[in-house]
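The structure appears below as structure tokens.
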Amino acid sequence: MSKMKIEGSFVALITPFNQDGSVDFEGFRTLLQWQESQGTSAVLMMGSTGEVSMLSQAERHQIIAETAKMKTGKMKFFYGCTGNNTDTTIDYLRFAHANGADGAILAAPAYICAPEDAIEDYFMEVADATDLPLGIYNNPPRVKSDLHWDNLLRIFKHPNYVVHKESTTRVGQVAQVLAARPDVSVMCCDSPNLGLVVPTMSLGGHGTANMTGNIAPAELATISKPWHTPDVSTSFRDSYLGLLPMLHYSYSAINPVAIKSLMKAVGLPAGELRKPLKAMAPEGLKKGLRIVKELELDKQYGWSSPELKSI
Numbered sequence: 005m006s007k008m009k010i011e012g013s014f015v016a017l018i019t020p021f022n023q024d025g026s027v028d029f030e031g032f033r034t035l036l037q038w039q040e041s042q043g044t045s046a047v048l049m050m051g052s053t054g055e056v057s058m059l060s061q062a063e064r065h066q067i068i069a070e071t072a073k074m075k076t077g078k079m080k081f082f083y084g085c086t087g088n089n090t091d092t093t094i095d096y097l098r099f100a101h102a103n104g105a106d107g108a109i110l111a112a113p114a115y116i117c118a119p120e121d122a123i124e125d126y127f128m129e130v131a132d133a134t135d136l137p138l139g140i141y142n143n144p145p146r147v148k149s150d151l152h153w154d155n156l157l158r159i160f161k162h163p164n165y166v167v168h169k170e171s172t173t174r175v176g177q178v179a180q181v182l183a184a185r186p187d188v189s190v191m192c193c194d195s196p197n198l199g200l201v202v203p204t205m206s207l208g209g210h211g212t213a214n215m216t217g218n219i220a221p222a223e224l225a226t227i228s229k230p231w232h233t234p235d236v237s238t239s240f241r242d243s244y245l246g247l248l249p250m251l252h253y254s255y256s257a258i259n260p261v262a263i264k265s266l267m268k269a270v271g272l273p274a275g276e277l278r279k280p281l282k283a284m285a286p287e288g289l290k291k292g293l294r295i296v297k298e299l300e301l302d303k304q305y306g307w308s309s310p311e312l313k314s315i
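Just so we're aligned: the sequence shown equals residues 5 to 315 in my numbering.
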């Protein structure tokens, strides 16, 4: 059976909360429909942008079971299924598979700071335990475990791996992975501080696995188009340079503080951050709202919240 192929914008979605702190499933429905209408290829629910480390096991199960019912088939639904050890990760993967997930994204278990050989074995063992399409998120700033391209290329020989997201600053690593032409979609984080988007796309990357698509999905869909023809590089350049202020704003605080605060302020169903995270400070939020207006995202998406009107 041929592998799943994902190209374009892969948005790491926030988790919307109700006023009482419970998960807002109607909010999820609204956000998923909006992402689909704006050209997003796939979404990741319960990644770090989705505040996954502060969700209970019951909430994680409920999010998978309820949102998977919202699929239309036009956009792939992936879920963050990393547990705190190998066995819990396998349990999450099996639950996701049984409840309609299209795939799962995995990182190394956080905090334990395991060496590369142990994390390589982890990724292979969990892949052997499921038939679910999987992706790897190499994110050493968050989990303190890092994978060299040699480890990654060995892992990508496993038939269940279909996506790789790189979140280091190593352009050379992305080049080595792409040069080896593994049978996976190679994507990168959209943080301008990492500086991976331009080289990844120019070297043949398949898209971006991004956070800024939560507030600017159509723009990220443009930036994330693979460069199959020369004209795409021109539209990429114009869109990327134009969106730089928002890209920088998205990563101006630990995710998802800036992006989720801004989403709530423009009227999108986001809710509060889960404690101990706090919303963006007023001056920081005003900066984001000014960027929204300068880029005319409010006009494009029809936002007219009181907060926007005050700017």
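Beta carbons: idealized from backbone N, C-alpha and C, even for Gly. Values in this document were obtained by computation on a predicted structure and should not be read as measured data.
| Check | Outcome |
| --- | --- |
| Let me know the secondary structure DSSP gives ILE315 once reduced to three states. | coil |
| If GLU40 sits next to LYS78, beta carbons under 8 Å apart, how far is it from one beta carbon to the other, in whole angstroms? | 5 Å |
| Determine the DSSP secondary structure at VAL27, reduced to helix, strand or coil. | strand |
| What is the DSSP secondary structure of ASN22, reduced to helix, strand or coil? | coil |
| Is there a C-beta anywhere in chain B that falls below 9 Å from the one on VAL56? | Looking for chain B here will not work: only one protein chain is present. |
| Go ahead and pull the three-state DSSP assignment for GLU170. | strand |
| Tell me the rounded alpha-carbon separation between ILE219 and LEU156. | 31 Å |
| To the nearest angstrom, how far is the alpha carbon of GLU276 from that of LYS268? | 8 Å |
| Hey, out of ILE315, HIS210, GLU129, whose CA is closest to VAL167's CA? | HIS210 |
| For THR34, which residues in the same chain have their Cβ closer than 6 Å to its Cβ, ignoring the five residues on either side in sequence? | PRO273 |
| Thinking just about the alpha-carbon of each residue, which of ILE295, GLU298, SER256 is nearest to the one in ALA285? | SER256 |
| Just the C-alpha distance for VAL130 and GLN23, rounded to the nearest angstrom, thanks. | 36 Å |
| Excluding the five sequence neighbours on either side, which residues of its own chain have a C-beta within less than 8 Å of the C-beta of ALA133, listed in chain order? | ILE94, LEU97, ARG98 |
| Residues in the same chain with beta-carbon distance under 8 Å from GLY199, minus the five sequence neighbours each way, listed in chain order, please. | THR173, VAL175 |
| Can you tell me where the beta strand (DSSP E) holding SER189 begins and where it ends? | 189 to 192 |
| To the nearest angstrom, report how far apart ASN164 and PRO137 are at their CA atoms. | 5 Å |
| Distance check for GLY87 and VAL47, CA to CA, integer angstroms please. | 19 Å |
| Under 8 Å by Cβ, that's how I've got ALA102 and ALA108 pegged, so tell me the actual separation to the nearest angstrom. | The Cβ separation is near 12 Å, so there is no contact. |
| Any contact between the segment 283 to 300 and the segment 231 to 244? By contact I mean 3 or more CB pairs, one from each, below 8 Å. | no |
| Exposed or buried, which one is ASN259 when buried takes at least 16 other CB atoms within 10 Å? | buried |
| Mind checking who GLY178 pairs with in its DSSP beta bridge? | For the sequence presented, residue 178 should be read as Val rather than Gly. VAL178 pairs with nothing; no bridge assigned. |
| Rounding to the nearest angstrom, what Cα-Cα distance links LYS80 and ALA16 in this structure? | 12 Å |
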